[in-house]
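Only one structure is covered here, and it is reproduced in the block below.
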């Protein structure tokens, strides 16, 4: 009886303390660790959103860029801080991929972090050299079927979402083609424009200038719905590949143990920020669709993507890193 009473008192004290934190939150600057370098799409996304978030909540959100394999440095930095809402971190679809891709990780994105909200989502584009004979994705599919082993699809490094998107495309179409990985997007674009590869898969932001200069022809986007930025381009599913759906995301998380009231405060504010017309416009210029979610929806998305990409990695025979 005494132990039960002591437990109840401890729980009550924790709830009271969490409520007190939330009532005053935030009363000092908030740190956000980002596992990507400055100037990239993910970095710009979080900066655009947290600038408005800081204005709404009355405190600065300070971005700390910590690029590294699997987002390990950024995740570790966030987890070493007190779970009080004053250190947050950006996790992405790449973190979901990392779970089945790496032999081991020093963190578990599901257990070690509390989801707050997705900030934005983005599709990938299947593009071809504008001078090629491929006018539609059906042309590519027809060529691949008639010429097994001759089609080449260029992506960035093995294990990237772009690379796994190509492997998923290969699996779901049943085509026999080569997925050719390059060190970075510039190399993929050069290969495409030299006709070293027939098709490339990458983000709108990565291909934007070449799309605008009509050097690359977009054949399809990878999401379930047409892209807001390229509404005239059909999806892969609309082009005949059943159930093909790839949408990447960037989201804010907090270390496990962060008071629920703080998570609620942040989620509510983020929903308002991501509904702001200026924020939506600035994100769309990067190829990002503002997509706030509940913490529960984000948690499900993370778990679903870990399972989805784990199956793709296994089927493609990609060795664990």
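In this note's numbering, the protein residues as written are 18 to 338. Note that the Cβ used here is the ideal one computed from N, Cα and C, for glycine as well.
First and last residue of the uninterrupted beta strand (DSSP E) at residue i
i           : result
residue 142 : 130 to 146
residue 174 : It is not in any beta strand (DSSP E) - residue 174 carries neither H nor E in the DSSP assignment.
Classification of residue i by the beta-carbon crowding that lies within 10 angstroms, buried from 16 upward
i           : result
residue 99  : exposed
residue 317 : exposed
residue 43  : buried
residue 337 : exposed
residue 207 : exposed
residue 193 : exposed
residue 183 : buried
residue 319 : buried
Opening and closing residue of the alpha helix (DSSP H) in which residue i lies
i           : result
residue 190 : 178 to 190
residue 196 : Here residue 196 belongs to no alpha helix (DSSP H); instead the beta strand (DSSP E) covers 195 to 198.
residue 91  : 89 to 96
residue 112 : 110 to 118
residue 5   : Missing from the structure shown is residue 5; the chain here goes from 18 to 338 and no further.
residue 126 : Segment: none, residue 126 is in no alpha helix (DSSP H) and carries neither H nor E.
residue 43  : Neither: residue 43 is in no alpha helix (DSSP H) and is coded neither H nor E.
residue 84  : That residue, residue 84, is in no alpha helix (DSSP H); it is neither H nor E in DSSP.
residue 327 : 312 to 333
residue 163 : 154 to 163
Beta bridge counterpart(s) of residue i as assigned by DSSP
i           : result
residue 48  : 79 and 104
residue 264 : 140
residue 339 : Since the first and last residues shown for the chain are 18 and 338, residue 339 lies out of range.
Supposed close pair residue i, residue j - CB separation, criterion 8 Å
i           : j           : result
residue 245 : residue 301 : 6 Å
residue 202 : residue 139 : Contact doesn't hold; Cβ gap of about 14 Å is too wide.
residue 131 : residue 280 : 6 Å
residue 275 : residue 155 : Residue 275 to residue 155, Cβ: 49 Å. No contact.
residue 47  : residue 63  : Incorrect: roughly 12 Å between the Cβ atoms, too far for contact.
(request) Could you tell me which uninterrupted alpha helix (DSSP H) segments, each at least 4 residues in length, are contained entirely in the stretch 204 to 259, listed from first to last along the chain? (result) 221 to 229
(message) Report the start-end ranges of each alpha helix (DSSP H) in the stretch 268 to 298 that is 4 residues or longer and not cut off at the edges.
(response) 277 to 291
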